[in-house]
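Asks: Please read through the structure below; I'll follow up with questions.
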Amino acid sequence: MKASRLAATGAVAASAVVVLSSPAFAHVSVQPEGTAAKGGYAVVDFKVPNERDNASTTKLEVSFPTDHPLASAMPEPIDGWDIKVTKAKLAKPIEMHGEKINEAVSKITWTASGDGIKPGFFQKFPVSVGTLPEDADQLVFKALQTYDNKEVVRWIEETKEGEDEPENPAPVLALSAASDSEHSHGSSGTEEASDDSKDTENTAADTSVSADSSDTTARVLGVVGIVVGALGVAYGVLAGRRRTNA
Numbered sequence: 071m072k073a074s075r076l077a078a079t080g081a082v083a084a085s086a087v088v089v090l091s092s093p094a095f096a097h098v099s100v101q102p103e104g105t106a107a108k109g110g111y112a113v114v115d116f117k118v119p120n121e122r123d124n125a126s127t128t129k130l131e132v133s134f135p136t137d138h139p140l141a142s143a144m145p146e147p148i149d150g151w152d153i154k155v156t157k158a159k160l161a162k163p164i165e166m167h168g169e170k171i172n173e174a175v176s177k178i179t180w181t182a183s184g185d186g187i188k189p190g191f192f193q194k195f196p197v198s199v200g201t202l203p204e205d206a207d208q209l210v211f212k213a214l215q216t217y218d219n220k221e222v223v224r225w226i227e228e229t230k231e232g233e234d235e236p237e238n239p240a241p242v243l244a245l246s247a248a249s250d251s252e253h254s255h256g257s258s259g260t261e262e263a264s265d266d267s268k269d270t271e272n273t274a275a276d277t278s279v280s281a282d283s284s285d286t287t288a289r290v291l292g293v294v295g296i297v298v299g300a301l302g303v304a305y306g307v308l309a310g311r312r313r314t315n316a
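When you read off a place in the sequence shown, starting at 1, and then add 70, the result is the number in our numbering.
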């Protein structure tokens with residue numbers, strides 16, 4: 071009886087290992103470095119694992135959302151990869167820093183100039199993006215992963231609420247609530263300068279008060295010294311007259 075239970079437990083554990091090591095868990099994803107707050111900027115990493123044992127990943131194409139276009143998307147240079155940023159005209163212009171933007175990044179393509187991502191490895195592709203939308207909880211980026219054997223994996227399927235994750239899910243960036251620092255972005259420098267000015271004025275005022283106090287103290291001590299000296303002289307004169315009369 072015990073032997074059969076142990077065998078069953080071992081079979082379950084073995085199947086769990088197989089499931090956890092399944093390539094289905096290793097898909098293209100996107101995560102922020104820190105936070106991705108609504109209305110702010112963020113650096114996000116597109117993480118690309120190699121799912122094949124006999125081929126290397128040599129190309130990654132990431133399409134940016136059209137329902138919430140991002141006016142700014144700047145990829146970080148990566149050794150061994152050529153980067154191409156593609157922009158497209160917007161049907162409806164967006165406003166950024168008080169200016170209307172008529173085009174936005176529609177796709178970024180990374181092409182390996184060397185060996186690419188070899189089997190058993192992954193690569194991160196960082197991109198600085200903004201301004202993030204304030205009326206969305208997430209952004210969906212559809213990606214194409216190409217191997218050197220010409221195979222293309224399309225990570226474009228969107229996960230529907232209440233359903234299991236699809237076989238090839240699209241990378242999804244979750245957006246956090248905007249913080250106070252995000253709302254005050256752009257005015258913090260003015261506030262800091264104002265605070266510095268106030269500190270300078272307060273320091274000057276304190277110095278002036280200190281100087282006035284020191285000057286007043288010196289004058290009082292001087293007057294006291296004169297009075298004490300005069301009293302001493304008067305006392306000496308009176309004492310001399312008393313001795314003479316005696």
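Glycine included, each C-beta is placed from N, C-alpha and C at the ideal position.
Small disclaimer: the values here were computed from a predicted structure and weren't measured.
Which residue's Cα is closest to the Cα of W225: Y217, S126, E233, A240?
Replies: As a working mapping, residue 225 is identified with position 155 in the sequence shown. Ranking Y217, S126, E233, A240 by Cα distance to W225 puts A240 first.
Asks: Between the C-alpha atoms of Q193 and K117, what's the straight-line distance to the nearest angstrom?
Replies: Locating residue 193 in the sequence shown gives position 123, counting from the first residue. Locating residue 117 in the sequence shown gives position 47, counting from the first residue. Between Q193 and K117, the C-alpha separation is close to 6 Å.
Asks: Can you tell me which of the three DSSP states K230 falls into?
Replies: What you label residue 230 is simply residue 160 of the sequence shown in a count that begins at 1. DSSP places K230 in coil when its eight states are reduced to three.
Asks: Determine the direct distance from the alpha carbon of V114 to that of E103, and round the result to whole angstroms.
Replies: Locating residue 103 in the sequence shown gives position 33, where the first residue counts as 1. Locating residue 114 in the sequence shown gives position 44, where the first residue counts as 1. The alpha-carbon atoms of E103 and V114 are separated by roughly 6 Å.
Asks: Under the assumption that I171 contacts I164 (Cβ atoms under 8 Å), give the Cβ distance between them as a whole number of angstroms.
Replies: As a working mapping, residue 171 is identified with position 101 in the sequence shown. As a working mapping, residue 164 is identified with position 94 in the sequence shown. About 5 Å separates the two Cβ atoms, so the contact holds.
Asks: Under a three-way DSSP split, which group does T181 fall into?
Replies: Counting from one through the sequence shown, the residue named residue 181 turns up at place 111. T181: strand per DSSP, three-state reduction.
Asks: Can you tell me where the beta strand (DSSP E) holding G110 begins and where it ends?
Replies: Here residue 110 refers to the residue found at position 40 when the sequence shown is read from its first residue. Per DSSP, G110 lies in no beta strand (DSSP E) and is assigned neither H nor E.
Asks: Going by alpha carbons, who is nearest to S100 out of A247, V197, V222?
Replies: Numbered from 1 along the sequence shown, position 30 holds the residue referred to as residue 100. Before going further, note that residue 100 is Val rather than Ser in the sequence given. It is V197 whose Cα lies nearest to the Cα of V100.
Asks: Do L140 and V199 have their beta-carbon atoms positioned less than 8 Å apart in this structure?
Replies: For the purposes of this step, residue 199 is taken as residue 129 along the sequence shown, with counting starting at 1. For the purposes of this step, residue 140 is taken as residue 70 along the sequence shown, with counting starting at 1. Yes, the pair counts as a contact, with Cβ atoms nearer than the cut-off.
Asks: Scan the region 186–235 and note each continuous beta strand (DSSP E) run of 3 residues or more that stays entirely inside, going in chain order.
Replies: Secondary structure in the region 186–235: the beta strand (DSSP E) runs of 3 residues or longer, each lying completely within the stretch, are 192–200, 208–210, 212–217, 222–225 in chain order.
Asks: Have a look at H97 and T201 and give me their C-alpha separation to the nearest angstrom.
Replies: To locate residue 97, count along the sequence shown from 1; it is residue 27. To locate residue 201, count along the sequence shown from 1; it is residue 131. Each residue's Cα considered, the two are about 26 Å apart.
Asks: Could you tell me the alpha carbon to alpha carbon distance between E262 and T105, rounded to whole angstroms?
Replies: Position 192 of the sequence shown, counted from the start, is the residue given in the question as residue 262. Position 35 of the sequence shown, counted from the start, is the residue given in the question as residue 105. Confidence in E262 is poor, its pLDDT being 40 and thus under 50, which makes the residue's placement too unreliable to answer from.
Asks: Going along the chain, which residues of its own chain have a beta-carbon closer than 7 Å to the beta-carbon of G186, five neighbours each way excluded?
Replies: Taking the first residue of the sequence shown as position 1, residue 186 is located at position 116. So the list reads S126, T127, T128, D218, once near-sequence residues are dropped.
Asks: In the DSSP assignment, find the unbroken beta strand (DSSP E) run with L243 in it and report its ends.
Replies: Within the sequence shown, numbered from 1, the residue matching residue 243 stands at position 173. Counting along the chain, the beta strand (DSSP E) containing L243 begins and ends at 242–244.
Asks: For K175 versus K157, is the C-beta distance shorter than 8 Å?
Replies: Counted from its first residue, the sequence shown places residue 175 at position 105. Counted from its first residue, the sequence shown places residue 157 at position 87. Residue identity check: residue 175 is Val in the sequence provided, not Lys. Using a Cβ distance threshold of 8 Å, V175 and K157 count as a contacting pair.
Asks: With burial defined as no fewer than 16 other Cβ atoms inside 10 Å of the residue's Cβ, what is the status of A244: buried or exposed?
Replies: Working through the sequence shown from its first residue, we reach residue 244 at position 174. With fewer than 16 other Cβ atoms inside 10 Å of its own Cβ, A244 counts as exposed.
Asks: Is it buried or exposed for A161, if we count other Cβ within 10 angstroms and need 16 for buried?
Replies: Here residue 161 refers to the residue found at position 91 of the sequence shown. Per the 10 Å Cβ criterion, exposed.
Asks: Residues in its own chain within less than 7 Å of D266 by CB, not counting five upstream and five downstream?
Replies: Within the sequence shown, residue 266 is the residue found at index 196, counting from 1. No answer about D266 holds up, because its pLDDT of 46 lies below 50 and its placement is not dependable.
Asks: Quickly, what does DSSP pair A143 with across the bridge? List them, please.
Replies: Here residue 143 refers to the residue found at position 73 when the sequence shown is read from its first residue. DSSP output for A143 lists V199 as bridge partner(s).
Asks: According to DSSP, which residues form a beta bridge with T156?
Replies: The count along the sequence shown starts at 1 and reaches residue 156 at position 86. K177.
Asks: Looking at Q208 and L130, is the spacing between their C-beta atoms short of 8 Å?
Replies: In the sequence shown, residue 130 corresponds to position 60, counting from 1. In the sequence shown, residue 208 corresponds to position 138, counting from 1. Taking the C-beta atoms as reference points, Q208 is found no nearer than 8 Å to L130.
Asks: Quick one: what's V98 bridged to in DSSP?
Replies: Here residue 98 refers to the residue found at position 28 when the sequence shown is read from its first residue. DSSP output for V98 lists no bridge partner at all.
Asks: Under a CB-based cut-off of 8 Å, is I171 close to chain D?
Replies: Absent from the structure is chain D; it holds one protein chain and no more.
Asks: Would you mind giving the Cβ-Cβ distance between G109 and A248, rounded to the nearest angstrom? I have them listed as a contact below 8 Å.
Replies: Here residue 109 is taken as the residue at index 39 of the sequence shown, counted from 1. Here residue 248 is taken as the residue at index 178 of the sequence shown, counted from 1. Their Cβ separation, rounded to whole angstroms, is 5 Å, which keeps G109 and A248 in contact under 8 Å.
Asks: Which whole-angstrom value is the C-beta distance of I148 and F191, which I expect to be below 8 Å?
Replies: Along the sequence shown, one-based indexing puts residue 148 at 78. Along the sequence shown, one-based indexing puts residue 191 at 121. Contact doesn't hold; Cβ gap of about 14 Å is too wide.
Asks: For P203, I'd like the list of residues in its chain whose CB is within less than 6 Å of its CB, leaving aside the five on either flank, ordered along the chain.
Replies: Mapped onto the sequence shown, residue 203 falls at position 133. Same-chain partners within the cutoff: H138.
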